[in-house]
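The structure under discussion appears below in the form of structure tokens.
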RNA sequence: GGAGGAGUGCCCGAGUGGCUAAAGGGGGCGGACUGUAAAUCCGUUGGCUUCGCCUACAAUGGUUCGAAUCCAUUCUCCUCCA
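In my numbering, the protein residues as written are 106 to 435.
This is the structure we're talking about:
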């Protein structure tokens, strides 16, 4: 949102995420197929990953009904009834033509009882087998499996072992960062990442804040995705090397310095905090554009530096340096 | 000059005797946001020596146990007629 694909590419982003559930409801996956696929439709010729719609089963919970076969839900747009099954999700993602397609899973809410999560994990695994079965074009599209298991280590392990047995090109950790405390999230992540093969991409879904990126990488995660940078941008928050900055704050009214002195992004090269505050408060669309651009740049550059630090064998030093500034005083 | 109508907190605006420091918006201030139903949502917004007191619904005076609400006068604005 608020970004042209060209700008996303200019940031150095290598892949973007789209959502099966939302595109299925609107404009409809048939429309996108007719348009020649998502890449053409949205003018992005790099890789695209599509989420399966599993997360929407969780986030739009009051509108759905889960069964062995799949999920029945009502459209929040027009109230119409639909059913998503693993097969359906695969077919829709095929229509979209994305490069990485995600398994149709159930993301258990936090907190959830052990028995519920156990059932849920087993269902997710059965659904994954059906996804793999239904997924035909393995040349053009890579199907990633999703580990679940809530906050229960034994269920995480079981989930991981079961999905890894299916020998997929990549694996995701789902069901984290759903409202649990950070310590718990890290403890669970610690316990389960190693069950996923090191030679396949390991993707932590829905994460996150800069600190979570470091924590994830440190534990062996390769990929992340998150709405946070663009959403908080639209709501007036910028991520900076000195921590988050709420550009709405009165103290920036006459602050004519850049958002982040160390940032080389378009926004920081050309605009002051006072201007960004002004356009935000005036409800100017450029506010979302400038802040989204900055936040995405910030995360992309942070990840580039993390990769470089790993190559130079100084990840821990870089993490400490980053944290020192990020959590230090503004 | 005549006839009607109106003046409410920073702004708009509800309220026509006690449950009103005064609905609801807006604006201000602060916060939240993590596989996007979000340019969304939440809190707060007269003062103070804050389990209470003070100042407040144009101004002043009055009626009443009690007034933003009723009465009188004054001021200001709007509409129509001359």
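Beta carbons are placed, not taken as given, at the ideal position from N, Cα and C, and that holds for glycine. Keep in mind that this is a model prediction, so the values were computed, not measured.
**Request:** Determine which residues share a DSSP beta bridge with residue 354 and list them.
**Result:** Against the first chain, residue 354 aligns to sequence position 249. BP columns for residue 354 are empty, so no partner.
**Message:** Using the Cβ count rule (16 or more neighbours within 10 Å means buried), how would you classify residue 435?
**Reply:** Reading the first chain from its first residue, position 330 is the one you call residue 435. At residue 435 the pLDDT is 42, less than 50, meaning the model places this residue with poor confidence; the figure from the coordinates comes in the next sentence. Classification for residue 435: exposed.
**Request:** Please list, in chain order, all residues of the same chain as residue 185 whose beta carbon is under 6 Å from its beta carbon, the five residues on each side excluded.
**Result:** Mapped onto the first chain, residue 185 falls at position 80. Taken in chain order, the list of residues that qualify is empty.
**Request:** Indicate the three-state DSSP secondary structure (helix, strand or coil) for residue 108 in the structure shown.
**Result:** The count along the first chain starts at 1 and reaches residue 108 at position 3. Residue 108 falls in the coil class under three-state DSSP.
**Asked** Of the choices 309, 340, 314 and 283, whose alpha-carbon is the least far from that of residue 325?
**Response** As a working note, residue 325 is residue 220 in the first chain. The shortest C-alpha separation from residue 325 is found at 309.
**CB contact flag (residue 160, residue 208, <8 Å)** = Translated into the one-based positions of the first chain, residue 160 becomes position 55. Translated into the one-based positions of the first chain, residue 208 becomes position 103. No.
**Asked** Which first and last residues belong to the beta strand (DSSP E) in which residue 416 is found?
**Response** Within the first chain, residue 416 is the residue found at index 311, counting from 1. In this chain, residue 416 is not harboured by any beta strand (DSSP E); it is covered by the alpha helix (DSSP H) spanning 390-416.
**Asked** Considering only the beta carbon of each residue, do residue 284 and residue 254 sit closer than 8 Å?
**Response** Residue 284 sits at position 179 when you count from the first residue of the first chain. Residue 254 sits at position 149 when you count from the first residue of the first chain. Cβ distance not < 8 Å, so residue 284 and residue 254 don't count as in contact.
**Request:** Could you pull out every residue in the same chain whose Cβ sits closer than 7 Å to the Cβ of residue 313, ignoring the five residues on either side in sequence?
**Result:** Counting from 1 along the first chain, the entry for residue 313 is found at position 208. Closer than 7 Å at the Cβ level, and outside the excluded window around residue 313, lie 282, 329, 331 and 333.
**Message:** Whether or not the stretch 259-273 and the stretch 218-228 are in contact is what I'm after, with contact meaning three or more pairs of Cβ atoms, one per stretch, closer than 8 Å; do they touch?
**Reply:** yes
**Message:** Can you give me the C-alpha to C-alpha distance between residue 198 and residue 177, rounded to a whole angstrom?
**Reply:** Taking the first chain and counting its residues from 1, one reaches residue 198 at position 93. Taking the first chain and counting its residues from 1, one reaches residue 177 at position 72. Cα to Cα, residue 198 sits roughly 18 Å from residue 177.
**Prompt:** Can you list, in chain order, the residues of its chain whose CB lies under 6 Å from that of residue 118, leaving out five sequence neighbours each side?
**Reply:** To locate residue 118, count along the first chain from 1; it is residue 13. Here the set comprises 405.
**Message:** Between the alpha carbons of residue 200 and residue 135, how many angstroms are there, rounded?
**Reply:** As a first step, residue 200 is located in the first chain; it is residue number 95 there, counting from the start. As a first step, residue 135 is located in the first chain; it is residue number 30 there, counting from the start. Rounded to the nearest angstrom, the two C-alpha atoms are 7 Å apart.
**Asked** Which first and last residues belong to the alpha helix (DSSP H) in which residue 261 is found?
**Response** One-based indexing of the first chain puts residue 261 at position 156. Segment 258-269, the alpha helix (DSSP H) holding residue 261.
**Prompt:** Below 8 Å between beta carbons: does that hold for residue 397 and residue 339?
**Reply:** Against the first chain, residue 397 aligns to sequence position 292. Against the first chain, residue 339 aligns to sequence position 234. Inclusion of residue 397 and residue 339 in the CB contact set at 8 Å is warranted, their separation being smaller than that value.
**Message:** Using the Cβ count rule (16 or more neighbours within 10 Å means buried), how would you classify residue 216?
**Reply:** Counting from one through the first chain, the residue named residue 216 turns up at place 111. With fewer than 16 other Cβ atoms within 10 Å, it is exposed.
**Request:** Spell out a yes or no on whether the stretch 289-300 and the stretch 139-146 are touching, meaning 3 or more CB-CB pairs, one atom from each, closer than 8 Å.
**Result:** no
**Message:** With three or more beta-carbon pairs closer than 8 Å as the criterion, would you say the stretch 148-155 touches the stretch 232-242?
**Reply:** no
**Message:** Mapping the DSSP letters down to three states, classify residue 283 as helix, strand or coil.
**Reply:** Position 178 of the first chain holds residue 283. Coil at residue 283, not helix or strand.
**Message:** Whole angstroms are fine: how far does the CA of residue 277 sit from the CA of residue 252?
**Reply:** Taking the first residue of the first chain as position 1, residue 252 is located at position 147. Taking the first residue of the first chain as position 1, residue 277 is located at position 172. The alpha-carbon atoms of residue 252 and residue 277 are separated by roughly 6 Å.
**Prompt:** Can you give the Cα-Cα distance for residue 369 and residue 431, rounded to whole angstroms?
**Reply:** Numbered from 1 along the first chain, position 264 holds the residue referred to as residue 369. Numbered from 1 along the first chain, position 326 holds the residue referred to as residue 431. Looking at the two C-alpha atoms, the distance is approximately 17 Å.
**Message:** Within 10 Å of its beta-carbon, does residue 189 have 16 or more other beta-carbons around it, so buried, or fewer, so exposed?
**Reply:** Here residue 189 refers to the residue found at position 84 of the first chain. Answer is buried; the Cβ neighbour count reaches 16.
**Prompt:** Relative to the C-alpha of residue 165, which residue among 214, 269 and 294 is closest?
**Reply:** Locating residue 165 in the first chain gives position 60, counting from the first residue. It is 214 whose Cα lies nearest to the Cα of residue 165.
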